[in-house]
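Numbering (my numbering), first residue to last: 3 to 283.
For glycine and all other residues, C-beta sits at the position ideal for the given N, C-alpha and C.
Contents: one structure, followed by commentary.
Right, dumping it as structure tokens:
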């Protein structure tokens, strides 16, 4: 790859529509998974991230004392979800200033929806539209004990669908709803890096931010949420601008055979990811 192409690939994956300003290690991993490599890639990635102004100004600074980690796993994809909300955020169109978030404990897939209010009916509607209608009825939902979740209406909703609702007090056990807490921090950090002075546009940036998250390998699993869900990596924008090997060598017959092989291996991929999560924690 020429210097011009490597710079294009770095910018696309780090800061453009399919990027979320990840650190050097994650950026290298994502480039490799999409089929890119050049001899000085590791050092180029480190230098590129170090020079990124937004990464330096809005990097997460963890001031919370370390806590004992608890193994957080799920028996199968979409069986257990962690839910939380972020806000109030700067007021966006439709008076939306809150964000409801759900993360699958197994694949780390994330769903999110901007809301004007965080009343109980909105929580139920989100679970119905964004979880049940797409991924099926979950076995468990974990949330904090905020009044939006710890109320009779939401308890009745979960009971109707035979969903076990676990209330986790984050104040006493920071790891109890860990996946949702981590996503909250990442989304806030990602929005800050993308918007700066136009913070009211956060609802417009949310879809591409979620796309970047879903297509980026997670440290805990070693895989992207997209790959763990669908058994293949998503085609991202950089592969159109600088063609990756799968784009260059695409043929309909070979592609069908390759996808069948990936589907056959997806269960093994998920098992390995679960083992990595347990070992990481």
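### Task
Quick one: grab the DSSP three-state call for residue 169.
Taking the chain shown and counting its residues from 1, the one referred to as residue 169 is at position 167. Residue 169: strand per DSSP, three-state reduction.
### Message
Are the CB atoms of residue 189 and residue 103 within a distance shorter than 8 angstroms?
### Response
Locating residue 103 in the chain shown gives position 101, counting from the first residue. Locating residue 189 in the chain shown gives position 187, counting from the first residue. With respect to residue 189, residue 103 sits close: the two C-beta atoms are nearer than 8 angstroms.
#### Entry: Separation of residue 160 from residue 154, as counted between CA atoms
Translated into the one-based positions of the chain shown, residue 154 becomes position 152. Translated into the one-based positions of the chain shown, residue 160 becomes position 158. Going from the Cα of residue 154 to the Cα of residue 160 covers about 10 angstroms.
### Query
Thinking just about the alpha-carbon of each residue, which of 128, 17, 41 and 146 is nearest to the one in residue 5?
Counting from 1 along the chain shown, the entry for residue 5 is found at position 3. With distances taken between CA atoms, residue 5 lies nearest to 41 out of 128, 17, 41 and 146.
### Query
Who pairs with residue 106 in a beta bridge, going by DSSP?
Taking the chain shown and counting its residues from 1, the one referred to as residue 106 is at position 104. DSSP, once it has assigned bridges, lists 83 as partnering residue 106.
### Message
Let me confirm a value: residue 83 is counted as buried when at least 16 other C-beta atoms fall within 10 Å, else exposed. Which label applies?
### Response
Residue 83 sits at position 81 when you count from the first residue of the chain shown. The residue is buried, with at least 16 neighbouring Cβ atoms inside 10 Å.
### Status (buried if at least 16 other CB within 10 Å, exposed otherwise) for residue 192
Working through the chain shown from its first residue, we reach residue 192 at position 190. Buried is the call here.
### Task
Kindly identify the DSSP beta-bridge partner or partners of residue 211.
Within the chain shown, residue 211 is the residue found at index 209, counting from 1. Beta-bridge partners of residue 211 (DSSP): none assigned.
### Query
Where residue 240 and residue 14 are concerned, what is the direct C-alpha to C-alpha distance, given to the nearest angstrom?
Here the question's residue 240 lines up with position 238 in the chain shown. Here the question's residue 14 lines up with position 12 in the chain shown. The alpha-carbon atoms of residue 240 and residue 14 are separated by roughly 6 angstroms.
### Query
So, is residue 2 buried or exposed, given that buried needs 16 or more other C-beta atoms within 10 angstroms?
A query on residue 2 cannot be resolved here, the shown segment of the chain reaching from 3 to 283 and no further.
### Query
What's the call for residue 285, buried or exposed, on a 16-neighbour Cβ count within 10 Å?
Any answer about residue 285 is impossible in this case: the structure gives the chain only from 3 up to 283.
### Message
Tell me the DSSP secondary structure of residue 118 in three-state form.
### Response
Start at 1 with the first residue of the chain shown, and residue 118 comes out as number 116. If DSSP states are grouped into helix, strand and coil, residue 118 belongs with coil.
### Query
So, helix, strand or coil for residue 235, using DSSP?
For the purposes of this step, residue 235 is identified with residue 233 of the chain shown, where counting begins at 1. The DSSP-derived three-state label of residue 235 is coil.
### Message
Please report the straight-line C-alpha distance between residue 217 and residue 118, rounded to a whole angstrom.
### Response
The count along the chain shown starts at 1 and reaches residue 217 at position 215. The count along the chain shown starts at 1 and reaches residue 118 at position 116. Going by the C-alpha atoms only, they are around 28 angstroms apart.
### Task
Give me the Cα-Cα distance between residue 8 and residue 224, rounded to the nearest whole angstrom.
For the purposes of this step, residue 8 is taken as the residue at position 6 of the chain shown. For the purposes of this step, residue 224 is taken as the residue at position 222 of the chain shown. Straight-line Cα distance between these residues: approximately 23 angstroms.
### Query
Can you tell me whether DSSP reads residue 15 as helix, strand or coil?
Within the chain shown, the letter at position 13 stands for residue 15. Helix, per DSSP.
### Query
Beta-carbon separation of residue 209 and residue 105 under 8 angstroms?
Reading the chain shown from its first residue, position 207 is the one you call residue 209. Reading the chain shown from its first residue, position 103 is the one you call residue 105. No; because the gap between Cβ atoms is not below 8 angstroms, this pair is not in contact.
#### Entry: Beta bridge counterpart(s) of residue 144 as assigned by DSSP
Taking the chain shown and counting its residues from 1, the one referred to as residue 144 is at position 142. Its beta-bridge partners are 84 and 168.
#### Entry: Residue nearest to residue 90 in terms of C-alpha spacing, selected from 232, 221 and 204
As a working note, residue 90 is residue 88 in the chain shown. The candidate whose alpha carbon is nearest that of residue 90 is 204.
### Through-space distance from residue 211 to residue 150, alpha-carbon basis
Indexing the chain shown from 1 puts residue 150 at position 148. Indexing the chain shown from 1 puts residue 211 at position 209. Those two C-alpha atoms are separated by around 26 angstroms.
### Task
Starting from the Cα of residue 232, find the closest Cα among 277, 29 and 272 and give me that residue.
Counted from its first residue, the chain shown places residue 232 at position 230. Ranking the options by Cα distance to residue 232, first place goes to 272.
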